[in-house]
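Sequential numbering of the sequence shown, starting at 657, is according to the working numbering.
Yeah, the Cβ is synthetic: ideal placement off N, Cα and C, and Gly gets one too.
Structure, as structure tokens:
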Amino acid sequence: MKSESSSFLGNESIIGVIKSLFSIFFEKIKLNLILVGVSAVLAFFYLTSLDPVYRVETKLNEVQESTVSLQDSALSNLFSVQESSKNFDMFFWQLNSSQVAKKLWDEGFNKVYYSFAYDEEDDIYRYNSTFGQSFNNFIFNLEPKRSYNHNDLKNLINGKVNFLRDKSTKDLYILYIDTTSPERDLSLLKRLVKVTDEFIKERKLISINAKMDFLREEAKETMDRDARSSLNSLVRQNLLEKSLLSGDGLLYFEVIEEPFIHENPRITSPSFVFIAFVFISWAGSVLITYLRRYIV
């Protein structure tokens, strides 16, 4: 009986609060209408300050290399998926490396992204430390950063470039950048893919040359005719692989779609912004009036 009574009293108090809120709203209806109007104006200015976000993307398809014949199809698929993932992991790691960023910096992307900081007198891209950074430098006796360099471009790339993997094919990858400056980032994505592939080919070429030198030396030293023939055959295979590296295409991928800008940008819904601003202002007004009347 006691619990029923306390429950009834609790319901009564909730109903009382709701009634009080409604009475406050209608009592201050003019003030609330003014606040709603001001909120609508603020929402309009907020929307005009927003820039549309465009997606810049390119689609890459994994080039399957069948170097070993596997009879078991399930085992073959497993190795194929693992190799595909390994190739892309290496590609994406190289894409985010300092080597790639340094080359892009030297090609002129320093001017594209850091022209605002260029100091003609000292010929550097001057870096202005924040208060927090300056404080940390003082406390820990660190050398303050004076200028932007390719490592800043590397960090920018790390933050900009993302990827998606097609769940159905497993071999299709989408590299994309969501940006408010689509033309600028389109140029970056185009060169980024190409320069990344150039470094992968360069590393692959070093490996092939080392293998060929080793195989040639082994072929010279061996006295067994069959072994020498097999070693020379391996040299020819590596020579063929080396010649393939000189092509214009990517080493592990083919470009299904060249980098492009999506036509339709992603924008914040105006109706959602207006409703949010109006509701927040109205709720704040009612809450403040309620607190002043019944609490304070």
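- Taking residue 803 as reference, the option from 772, 932, 813 and 831 with the minimal CA-CA separation is 772.
- In the three-state reduction of the DSSP assignment, residue 926 falls in the helix class, which pools H, G and I.
- If the five residues before and after residue 752 are omitted, its C-beta is found closer than 8 Å to the C-beta atoms of 810, 813, 814 and 817, all from its own chain and listed in chain order.
- Per DSSP, residue 752 has no beta bridge partner at all.
- In terms of Cβ geometry, residue 909 and residue 718 form a close pair [threshold 8 Å].
- For the segment 791-864, the full-length alpha helix (DSSP H) segments reaching 4 residues or more read 806-816 along the chain.
- The continuous alpha helix (DSSP H) containing residue 770 extends over residues 766-770.
- Taking 8 Å as the cut-off, the beta carbon of residue 835 is found no closer than this to the beta carbon of residue 756.
- In summary, residue 797 is exposed, with fewer than 16 beta-carbon neighbours lying within 10 Å of its beta-carbon over all protein chains present.
- Of 932, 906, 778 and 929, the smallest CA-CA separation from residue 849 is found for 906.
- Listed in chain order, the non-local C-beta contacts of residue 799 below 8 Å within the same chain comprise 793, local neighbours out to five positions each way being set aside.
- Residue state for residue 714 is assigned as strand, using DSSP reduced to three classes.
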